Each structure stands twice: as C-alpha cells, then as structure tokens.
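So for the sequence shown, the working numbering puts the first residue at 3; every next one is plus one.
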Amino acid sequence: MKINLYPFLKYMEGVSVLRMFFMAIIFPTGMVFFTIITNQHRGTEYRVTHEVYFDIEIGGEAKGQIVIGLFGETVPETVQNFYTLATSGVNGYSYTGTTFHRVIKKFMIQGGDVLQAGGMGRLSIYGETFPDENFDVKHATLGFVAMANSGPNTNGCQFYITTAPTPWLDGKHVVFGKVIEGQGNVHLIEHLPTDENNKPLTEVRIAKSGSRRVRNTYTISDDPYNMWDWLKTISFPLSLSFSIIFVFNYFIRQLDKGIETEEALSLLKRKLTKGKGPQKPSDDEEIQRLLGDDAGAHVRKRNVDKKGDTEEATEFETDEELLQDELEKKVNEYKKKKASLGGNERGVIPEETLESICKAKTKAQ
C-alpha cells in the first residue's frame with residue numbers, strides 16, 4: 003500500500019523542524035543550564051580530607067561500592083570517629099559485616115550498628131557516645147551522610163545516607179560527609195521491600211569497609227545542582243537528539259523539494275496543454291516560488307511511447323522561451339489566415355499591429 007505523505011508535509015509547511023526542536027528540548031535545557039550557572043554561587047563548599055568505601059551485598063550478591071568523602075576540616079572529631087570505625091575499628095568492632103537495618107523511601111538508609119544490637123548499639127572512639135560537634139553542613143540534597151542519634155549529644159557509631167533533601171534535620175544531626183560514588187546503590191537499597199519496622203526483607207550487608215587514599219584534598223558543594231555531573235549525564239542523550247533531528251530535517255527538506263518540483267511541473271503542464279482547464283494569472287509566480295533557483299533551468303517531462311515500453315524524454319525550454327514560441331505560432335496562424343482571406347477582410351488585425359502586441363507581451367513576461 004502506497005503511503006501518501008503529502009497531507010502531513012503540507013501541514014508541516016512553513017514550520018521549522020529545528021525551531022520546534024529548539025522550543026521542545028534546547029530551550030528548557032538551556033534554562034536548566036542557566037539556572038545551574040547562576041545558582042552555583044549559592045552553595046557552600048566543604049573540603050574532603052578522607053574517603054572511605056563500603057562493598058555492598060544484597061541477599062548475598064555483590065552490588066558494588068558506596069564511596070563517601072569526609073569533611074575533615076569542618077567536623078574533624080566526627081570524621082575521625084567514622085573513619086576509624088570504617089578502617090581499623092574500635093575494640094574489634096568495625097563497619098565490616100554490619101547491615102543497613104532501616105530504610106525509608108525518599109528519605110534515607112540507616113546502618114552502622116557495629117554491635118549488631120538491632121539498631122540500638124552505641125560505640126565510638128570517645129566512649130559510648132560523644133557530643134554534637136556542629137551543624138555547619140546542611141541536609142541540602144541527597145547523598146549526605148550524618149550521624150544517627152536518639153537526641154542531642156548522643157552520637158555513636160550509627161549513621162544514615164539521605165536519598166532526598168531533608169532540611170528538617172538541620173540543627174539536629176551532624177552531617178560529616180557525602181557520597182561521591184555509588185549513589186545508585188544507595189537508591190537500590192532505598193527501594194527494597196521492607197517490613198512494618200522499615201527493615202529490608204532482603205539483607206543488605208557491608209561485606210567490607212576500608213579507606214581510599216586522598217592525594218590532594220578537594221571540595222564538595224552542598225548545591226543540589228552539580229554542573230559537571232549534569233553535563234556528563236546529558237551529553238550523550240543530547241548529542242543523540244541533535245543527530246536524529248538533523249537527519250530528520252534533511253529528509254523532510256528532500257521530500258519538500260520533491261513535492262514542490264512536482265507541483266511546479268503540474269502548473270507548467272497546465273500552462274502548456276490546451277483544453278486542460280482555465281489558466282490562472284498567478285501560475286507564473288507560483289512556478290517561480292516552487293522552483294526557486296531552478297526556475298530558469300530546463301524541465302524534463304517523461305512520456306511513455308504508446309508502441310512499447312521505451313521511455314523518451316522531451317526537453318522543454320524555460321517558460322519565458324515557451325511563451326515566446328506560443329506568440330510566434332499565433333503570428334504564423336494570422337499570416338495563414340490572412341493569406342486565405344485575401345488580406346483585406348473586415349475584422350482581421352493588420353500584421354504590424356499584431357506583431358507589436360506580441361513583442362509587448364513578450365517583454366512583459
């Protein structure tokens with residue numbers, strides 16, 4: 003079945019595909035980029051002095067790592083406690099082998115009970131608990147790591163990782179780090195089925211904890227818009243979108259060009275064929291518009307020989323030359339008619355007058 007794209011293309015006539023693409027994708031993307039640039043100065047930066055990692059297992063299956071950058075300059079005492087529990091441990095207790103025992107969607111995942119006391123264990127390098135150091139770091143976005151507690155100044159070994167901004171916790175829990183790798187694993191844990199106590203039905207275990215060497219300290223912003231991560235995320239899909247739209251636009255232009263050529267040929271055929279209906283005064287302008295730069299080129303009309311399957315090409319001249327030929331034919335017809343009537347019959351226009359009219363019409367064309 004032959005598909006007619008003409009109605010669709012006529013509907014699209016005059017509409018720029020690239021303009022539509024700009025309005026639908028490029029403009030909103032540009033606005034987001036502008037927002038990121040203009041809002042970058044609002045974020046507070048915290049220097050990462052240490053990195054620790056957790057090898058995560060879910061249901062006994064390895065899922066990769068969660069790597070946390072620690073703000074050693076902002077909250078040095080809290081960082082030292084967490085770093086020690088993640089590496090050498092305290093009195094033989096460390097984060098290796100512990101579980102994430104509390105998970106709440108769109109909020110946080112909690113773990114770090116080194117005593118494995120069902121979420122009630124307390125232990126630190128300073129004793130059972132230690133006081134809140136400060137609340138300088140805010141829960142501005144997902145991925146922040148903070149101390150879990152049962153009230154003011156009751157920090158121990160348990161911690162949580164946010165999966166969304168949690169500003170209502172500011173001033174109540176000490177934030178000391180941020181996930182720099184493996185936030186996807188955090189969300190994987192976040193969406194596990196849980197029981198009525200928010201405990202995952204499938205065990206989530208820290209198979210191994212340790213540290214990574216930080217050769218040069220660096221800063222992390224609490225700005226929720228991370229420009230570099232955003233650019234890396236959108237680079238491939240945006241490039242693919244550009245490629246698709248340019249290819250699509252190319253083929254649309256080719257189809258438009260073919261349809262306009264067919265329309266021009268149809269109008270030209272109507273002008274040159276007798277008995278095919280009235281001619282419109284605007285046909286010349288329409289042909290010029292449709293053919294554009296090709297209006298002065300030779301146009302070919304293909305006919306099929308009635309005696310066989312052979313195609314022959316008949317080449318027509320430009321429409322100006324064709325009109326000149328038509329006028330010359332009229333002059334010749336007049337001469338023949340004049341000769342047949344003796345040249346002086348009433349109602350016959352003199353030859354000089356007719357030729358002057360024809361020349362005037364030719365110049366007008």
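We put the CB at the ideal spot given by N, CA and C, even for glycine. Here the structure is a predicted model, which means the values were calculated and not measured.
I believe Lys108 touches Asp224 by the beta-carbon criterion, under 8 Å. Please report the beta-carbon distance rounded to the nearest angstrom. Sequence index remark: in the sequence shown, residue 108 carries index 106 (1-based). Sequence index remark: in the sequence shown, residue 224 carries index 222 (1-based). At roughly 19 Å, the Cβ-Cβ gap does not stay under 8 Å, so Lys108 and Asp224 are not in contact.
Supposed contact pair Thr86 and Ser211 - C-beta distance, whole angstroms, cut 8 Å: Looking up residue 211 in the sequence shown gives position 209. Looking up residue 86 in the sequence shown gives position 84. In fact, because the Cβ distance is near 11 Å, the residues do not count as touching under 8 Å.
According to DSSP, simplified to helix, strand and coil, what is Ile191? Locating residue 191 in the sequence shown gives position 189, counting from the first residue. DSSP places Ile191 in helix when its eight states are reduced to three.
Measure the CB-CB distance between Val116 and Val77 and report whether it falls below 9 Å. Stepping through the sequence shown from its first residue, residue 116 is reached at position 114. Stepping through the sequence shown from its first residue, residue 77 is reached at position 75. It is not a contact, given that the beta carbons lie outside the stated cut-off.
Expressed to the nearest angstrom, what Euclidean distance is found between the alpha-carbon atoms of Asp311 and Phe238? In the sequence shown, the residue the question calls residue 311 occupies position 309. In the sequence shown, the residue the question calls residue 238 occupies position 236. Legend: pLDDT at Asp311 = 47, less than 50; position of this residue unreliable, no value from coordinates given.
Rounding to the nearest angstrom, what Cα-Cα distance links Thr46 and Ile222 in this structure? For the purposes of this step, residue 46 is taken as residue 44 along the sequence shown, with counting starting at 1. For the purposes of this step, residue 222 is taken as residue 220 along the sequence shown, with counting starting at 1. Each residue's Cα considered, the two are about 8 Å apart.
The beta strand (DSSP E) with Val81 in it runs from where to where? Residue 81 sits at position 79 when you count from the first residue of the sequence shown. Here Val81 belongs to no beta strand (DSSP E); instead the alpha helix (DSSP H) covers 78-88.
Between the Cα of Ile191 and the Cα atoms of Asn83, Leu72, Val81, Ile106, which residue gives the shortest distance? In the sequence shown, residue 191 corresponds to position 189, counting from 1. Ranking the options by Cα distance to Ile191, first place goes to Ile106.
Residue range of the beta strand (DSSP E) that Gly61 falls in? What you label residue 61 is simply residue 59 of the sequence shown in a count that begins at 1. Run containing Gly61: none; DSSP gives neither H nor E here.
Throw me the rounded Cβ distance for the Glu53 and Arg214 pair, which I believe falls under 8 Å. Residue mapping note: residue 53 aligns to position 51 of the sequence shown, counting from 1. Residue mapping note: residue 214 aligns to position 212 of the sequence shown, counting from 1. Yes, Glu53 and Arg214 are in contact; Cβ-Cβ is about 4 Å, under 8 Å.
Looking only at C-alpha atoms, which of Tyr48, Leu240, Ile58 sits nearest to Thr204? The residue given as residue 204 occupies position 202 in the sequence shown. Out of Tyr48, Leu240, Ile58, Ile58 has the C-alpha closest to the C-alpha of Thr204.
Could you check how far apart the C-beta atoms of Phe377 and Gly173 are, in whole angstroms? I think they sit under 8 Å. This structure gives no information on residue 377, because the portion of the chain shown stretches from 3 to 367.
Based on DSSP bridge pairs, tell me the residues matched to Ala148. Against the sequence shown, residue 148 aligns to sequence position 146. DSSP, once it has assigned bridges, lists Tyr162, Val177 as partnering Ala148.
Which of the three DSSP states is assigned to Tyr252 in this structure? By 1-based counting over the sequence shown, the position of residue 252 is 250. Reduced to three states, the DSSP call for Tyr252 is helix.
For Gly129 and Thr100, I'd like the C-alpha separation in whole angstroms. Position 127 of the sequence shown, counted from the first residue, corresponds to residue 129. Position 98 of the sequence shown, counted from the first residue, corresponds to residue 100. Their backbone Cα atoms lie some 20 Å apart in a straight line.
Buried or exposed, going by whether 16 or more other CB atoms sit within 10 Å of the CB of Gly94? The residue labelled residue 94 in the question sits at position 92 within the sequence shown. Burial call: exposed.
Tell me whether Gly62 is buried or exposed, calling it buried when 16 or more other Cβ atoms sit within 10 Å of its Cβ. Walking along the sequence shown from the start, residue 62 turns up at place 60. Exposed.
In the structure shown, what three-state DSSP assignment does Phe109 receive? Position 107 of the sequence shown, counted from the start, is the residue given in the question as residue 109. Phe109: coil per DSSP, three-state reduction.
Given a threshold of 16 other Cβ atoms within 10 Å of its Cβ, counted over all protein chains shown, does Phe161 qualify as buried or as exposed? Against the sequence shown, residue 161 aligns to sequence position 159. Flag for Phe161 reads buried.
CB contact below 9 Å: Gln67 versus chain C: Among the protein chains of the structure shown there is no chain C, as only one such chain exists.
Would the stretch 64-79 count as touching the stretch 183-190 if we require 3 or more Cβ pairs under 8 Å? yes
For Gly94, name the three-state secondary structure that DSSP assigns. Along the sequence shown, one-based indexing puts residue 94 at 92. Gly94: coil per DSSP, three-state reduction.
Rounded C-beta distance between Gly120 and Phe102? I'm assuming under 8 Å. In the sequence shown, counting from the first residue as 1, residue 120 sits at position 118. In the sequence shown, counting from the first residue as 1, residue 102 sits at position 100. Wrong, their Cβ atoms sit about 13 Å apart, outside the cutoff.
Could you check where the beta strand (DSSP E) with Arg124 kicks off and where it finishes? The residue you call residue 124 lines up with position 122 of the sequence shown. Careful: Arg124 lies outside any beta strand (DSSP E) and carries neither H nor E.
Give the range of the beta strand (DSSP E) segment to which Thr221 is assigned. As a first step, residue 221 is located in the sequence shown; it is residue number 219 there, counting from the start. Counting along the chain, the beta strand (DSSP E) containing Thr221 begins and ends at 220-223.
Helix, strand or coil at Gly66 [DSSP, three-state]: Numbered from its first residue, the sequence shown carries residue 66 at position 64. It is a strand residue.
Out of Asn151, Gly179, Asn155, point me to the one whose CA is closest to Tyr220's CA. Along the sequence shown, one-based indexing puts residue 220 at 218. It is Gly179.
Closest by C-alpha distance to Thr196, when choosing among Gly74, Arg104, Phe73: The residue given as residue 196 occupies position 194 in the sequence shown. Here the closest residue by C-alpha is Arg104.
Taking the beta strand (DSSP E) that Val206 belongs to, which residues open and close that run? Counted from its first residue, the sequence shown places residue 206 at position 204. Its beta strand (DSSP E) spans residues 206-214.
Would DSSP call Gly129 helix, strand or coil? For the purposes of this step, residue 129 is identified with residue 127 of the sequence shown, where counting begins at 1. Here Gly129 sits in strand by DSSP.
Residue from Thr51, Asn83, Ser90, Ile60 whose Cα sits closest to the Cα of Glu75: Mapped onto the sequence shown, residue 75 falls at position 73. The option with the nearest alpha carbon to Glu75 is Thr51.
Which whole-angstrom value is the C-beta distance of Val176 and Asn157, which I expect to be below 8 Å? Stepping through the sequence shown from its first residue, residue 176 is reached at position 174. Stepping through the sequence shown from its first residue, residue 157 is reached at position 155. So it is a contact: roughly 6 Å between Cβ atoms.
For Val81, I'd like the list of residues in its chain whose CB is within less than 8 Å of its CB, leaving aside the five on either flank, ordered along the chain. Numbered from 1 along the sequence shown, position 79 holds the residue referred to as residue 81. The residues are Thr51, His52, Leu72, Phe73, Gly74, Phe178, Gly179.
Could you pull the start and end residues of the beta strand (DSSP E) that Gly47 belongs to? As a position in the sequence shown, residue 47 is number 45, starting the count at 1. Checking the sequence shown, residue 47 turns out to be Glu, not Gly. Where Glu47 is concerned, the enclosing beta strand (DSSP E) stretches over 47-50.
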